[in-house]
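Have a look at the structure below before the remarks.
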Amino acid sequence: MGVTPEVTLNGTLTCSSQEELSRVIEGVDAHIALTRAEAGCIAFGVVQTDNPMVWSVSERFTNAASFEAHQTRAAASDWAALTKGIERDYQISGLK
């Protein structure tokens, strides 16, 4: 039996207005805390870059099942509602 690969996501969340930026700031700390508490989360960060409108996103999960569980939870969360419509540019590796 082979080793299940880790799943990583890296990219950016880019706000196009002060209103979008305010929504990200409102929800980011809770989103980070909830995600880091999930089973299978190895590392998770959403960090404002030198450009305050752009956030660097990095995620690392033990396997596809834990990553997909995170995606399902996050899609139904306050974070999803707060950040709806904000531009995301992500690259995911480790999924088949």
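For the sequence shown, the positions run 485 to 580 when the working numbering is used.
Quick reminder that beta carbons are idealized off the backbone N, C-alpha and C, glycines included.
Could you tell me if L579 is buried or exposed, where buried requires 16 or more neighbouring beta carbons within 10 angstroms of its beta carbon?
Position 95 of the sequence shown, counted from the start, is the residue given in the question as residue 579. Exposed: under 16 other Cβ atoms inside 10 Å.
By a C-beta neighbour count over all protein chains shown, 10 Å radius and 16 as the cutoff for buried, is T519 buried or exposed?
On the sequence shown, residue 519 is found 35 positions in, with the first residue counted as 1. So T519 counts as buried.
Out of P489, A521, N494 and T488, point me to the one whose CA is closest to S540's CA.
Taking the sequence shown and counting its residues from 1, one reaches residue 540 at position 56. The candidate whose alpha carbon is nearest that of S540 is N494.
CB-CB length for A558 against A564, believed under 8 angstroms:
Residue numbering aside, residue 558 sits at position 74 when the sequence shown is read from its first letter. Residue numbering aside, residue 564 sits at position 80 when the sequence shown is read from its first letter. Correct: roughly 6 angstroms between the Cβ atoms.
Minimum length 4: unbroken alpha helix (DSSP H) runs contained in the segment 515 to 579
Taking 4 residues as the minimum length, the alpha helix (DSSP H) runs contained wholly in the segment 515 to 579 are 548 to 559 and 562 to 566, in order along the chain.
Mind checking R572: buried by the 16 CB within 10 Å criterion, or exposed?
For the purposes of this step, residue 572 is taken as residue 88 along the sequence shown, with counting starting at 1. Looking at its Cβ environment, which holds fewer than 16 other Cβ atoms inside 10 Å, R572 is exposed.
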